[in-house]
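Accompanying notes for the structure given below.
Residue numbers (the working numbering), protein chains in the order written: chain A, 1 to 176; chain B, 1 to 648.
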């Protein structure tokens, strides 16, 4: 073997390492939801404060539907203040945040809402029907619904301020 | 308190490991023994500190110290005592603690065992071991801080993943990690050999036992993982070619290759470069496995949560692979073989072929595992590679390996004569053929099953031929047969330990073949009092029962199982509802047997208990996989015992 060839040995490892590095750019859990682009499933729930929350009543507004649970630590704890901030910043511009607590107990969920001072409508999905309709795989998951009632985006894991703003701004811009 | 003390101890341990690694290297370069001795003290200190951290973490779990974030995330007040201990390594951060602890234990054992007998290699071995430890301690301090404080302190924690609340989860990670970390030892010796230029056979002879130990624990870890999958996950199988299973399987394949190819080096002074490359590959694959499990790059049932940790692992993997391969290229000229291959029909070439096949298997598993990444990078399409691909490619490779398992140990070194072949293989080949004929006559339809069992019979016969012949030789010298056979095992424990390991693999092969070829299953909905029949068993649904357990709710189905002969029993499969989980967890009930297991999984049911869907499986020969594991243990133990062979 000619002398120089032996250095191909370490070089040969580079493509494999590059491929693994590429892996950081993709998220294997980011399975595109088949629901994106489809009309959002209708639901009517009774909020913790007794009011009725329904998706139909939000037609014409941009809706952020967030599935959460009080035991979902830390992701739901991280995103609760984000959602509240987003709700306060955007509520006057036709944006509604709706929280749906799933697989949860009423007292625990109410304590969660009190602890974080959440003011947007929050309801418990007692039968689990809503989470099944939305194909919720785990908590938290958040769906961004356009004014005409279509699911336009799904976010798995805690929503950040950045994600909230980007998604909601995009939905607000379309169709004026 | 605990968060601060623990983090402090980790930082000191990290500093000690870095210092020890540097001191040992400096000691090796300057020849100053005092530096190496100081590095030894550092290794002892690292072991002490990491042990303390492990105990501290365990204590935090036992006392529900939710001020530690990791404790709050992985336990809650309802978690039983037993699972509060397994929860210590039940998630990412804690698993690294366990890993680092084992690594520091191996380092200590090297100090104790090799400080006087590993010559120039020893300080460099210490350098590498401590450097690898330092990396894991760095992980524990920066991207995965196990003792991170949680504030405000929650009243209760999240709870351990219910699937991990099983006895298998005590032993599976421990065995697997002992295997993974143990493979650092041969790697450290190989690096020391390359650095010092003493690339002869000394490092191979010194690390043989370490490699067997690591290989054995890896095998055990894989088998316990299979057992866990079988009796917990409820899909009725034990191996799914999941990326992370593959990640543990690949170093097992290359370590197996190594255990065989070192014999050629010892005997014929060949394959030096190959063996070094195999050690490097094996260790890199263990790192690749940890990278895969912890980086979130590939989706898997085993995946831990993601974070920046993957980038740390990838950088370290790159550092290890590139350094090792550059060293290898640098010593290239010193690695030329002294012996050469005399004939294609010889033990050397059988072993060579064994290595080629094992590496081919490793490569296909690797390819299948990373293919989803390749596909996304090249075509932008998400795909997943399933069991059919892996089975189709690997089954022929493994069958060929089993054939070689019969040939390798008996065929002559250098060049096998026709007489040698006839003497060793005439009977085994006949027995294999007879087995194939009998199976075909019995109406076994699956050609694969016939081939696998015939090959198994062939290999078992070669082992019998060897044992009988060797025993006879001693009997002729006047020993009684039992003593002669026993003495054989002890005096030639390396050879016969290897044979017993082979027997274990054969028994496992039988189990795998049987479960694939002859298992049957059905899924059906039964009204209360109704029954279903499968494979000679009658299963009747007798009702449902709900109960409240310490940390979950449980719905249990009662099924009576009879086979009209000697069996009449009740099986109680259940569904467990954990408040923190989206979907219920299946609790499988089964009755294990030597020939077949009855295996019941509860599906949907009516709330009033009037009907239930049940999955019934009759899994054939699966128990032999676990029995094979026990045989493997005996063989591995025998082969690492000190050799008692008296010089001839």
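Backbone N, C-alpha and C fix where the C-beta goes; we use that ideal spot for every residue, glycine too. If you're wondering where the values come from, they're calculated on a predicted model, not measured in any experiment.
Three-state secondary structure (DSSP) of residue i
i	result
residue 301 of chain B	Low per-residue confidence applies at residue 301 of chain B: pLDDT is 49, beneath 50, and the placement is therefore not dependable, though the value from the model is reported in the following sentence. Correct three-state label for residue 301 of chain B: coil.
residue 396 of chain B	helix
residue 164 of chain A	helix
residue 602 of chain B	strand
residue 62 of chain A	strand
residue 14 of chain A	helix
residue 642 of chain B	coil
residue 173 of chain A	helix
residue 411 of chain B	coil
residue 36 of chain A	coil
residue 215 of chain B	helix
residue 585 of chain B	strand
residue 12 of chain B	helix
residue 671 of chain B	Absent from the structure is residue 671 of chain B, since the part of chain B shown begins at 1 and ends at 648.
residue 590 of chain B	strand
residue 569 of chain B	strand
residue 125 of chain B	helix
residue 274 of chain B	helix
residue 54 of chain A	strand
residue 68 of chain A	strand
residue 208 of chain B	helix
residue 149 of chain B	strand
residue 118 of chain A	coil
Boundaries of the beta strand (DSSP E) in which residue i is found, first to last residue
i	result
residue 553 of chain B	553-562
residue 189 of chain A	A query on residue 189 of chain A cannot be resolved here, the shown segment of chain A reaching from 1 to 176 and no further.
residue 615 of chain B	611-620
residue 574 of chain B	574-577
residue 123 of chain A	122-124
residue 142 of chain A	141-145
residue 336 of chain B	That residue, residue 336 of chain B, is in no beta strand (DSSP E); it is neither H nor E in DSSP.
residue 44 of chain A	44-46
residue 100 of chain A	95-101
From the options, residue whose alpha carbon lies closest to that of residue i
i	options	result
residue 154 of chain B	B/160, B/65, B/430	B/65
residue 133 of chain B	B/15, B/632, B/166, B/55	B/15
residue 215 of chain B	B/179, B/588, B/169	B/179
residue 235 of chain B	B/619, B/629, B/625, B/623	B/619
residue 361 of chain B	B/443, B/584, B/250, B/479	B/250
residue 219 of chain B	B/255, B/190, B/200	B/255
residue 406 of chain B	B/522, B/24, B/458, B/534	B/458
residue 500 of chain B	B/638, B/456, B/346	B/638
residue 80 of chain B	B/551, B/597, B/89, B/606	B/551
residue 252 of chain B	B/176, B/193, B/320, B/82	B/176
residue 101 of chain B	B/50, B/144, B/411	B/50
residue 578 of chain B	B/589, B/548, B/230	B/548
residue 78 of chain A	A/173, A/169, A/157	A/157
residue 69 of chain A	A/162, A/100, A/135, A/143	A/100
residue 492 of chain B	B/466, B/517, B/477	B/466
residue 556 of chain B	B/603, B/527, B/238, B/515	B/603
Enclosing alpha helix (DSSP H) for residue i [first to last residue]
i	result
residue 40 of chain B	33-62
residue 665 of chain B	Residue numbering for chain B in the displayed model covers 1 to 648; residue 665 of chain B lies beyond these limits and cannot be assessed.
residue 109 of chain B	92-114
residue 432 of chain B	418-441
residue 252 of chain B	243-268
residue 677 of chain B	Residue numbering for chain B in the displayed model covers 1 to 648; residue 677 of chain B lies beyond these limits and cannot be assessed.
residue 129 of chain A	129-133
Whole-angstrom C-beta distance between residue j and residue i, which should lie under 8 Å
i	j	result
residue 238 of chain A	residue 116 of chain A	Because chain A is modelled from 1 through 176, residue 238 of chain A falls outside the range shown and cannot be assessed.
residue 462 of chain B	residue 485 of chain B	Contact flag wrong, Cβ pair sits at about 17 Å.
residue 496 of chain B	residue 503 of chain B	Residue 496 of chain B to residue 503 of chain B, Cβ: 10 Å. No contact.
residue 67 of chain A	residue 102 of chain A	6 Å
residue 221 of chain B	residue 260 of chain B	Actually they do not touch by this definition, with Cβ atoms about 21 Å apart.
residue 174 of chain B	residue 10 of chain A	Incorrect: roughly 35 Å between the Cβ atoms, too far for contact.
residue 129 of chain B	residue 72 of chain B	Actually they are not in contact, since the Cβ atoms of residue 129 of chain B and residue 72 of chain B sit about 34 Å apart, beyond 8 Å.
residue 97 of chain B	residue 140 of chain B	6 Å
residue 628 of chain B	residue 511 of chain B	6 Å
Entirely enclosed alpha helix (DSSP H) segments - the region 462-547 of chain B, minimum 4 residues: Taking only runs of at least 4 residues, the alpha helix (DSSP H) segments lying wholly in the region 462-547 of chain B are 481-491, 493-518.
If we require 4 or more residues per run, which alpha helix (DSSP H) segments fall completely within the region 155-206 of chain B? Listed in chain order, they are 168-182, 184-196.
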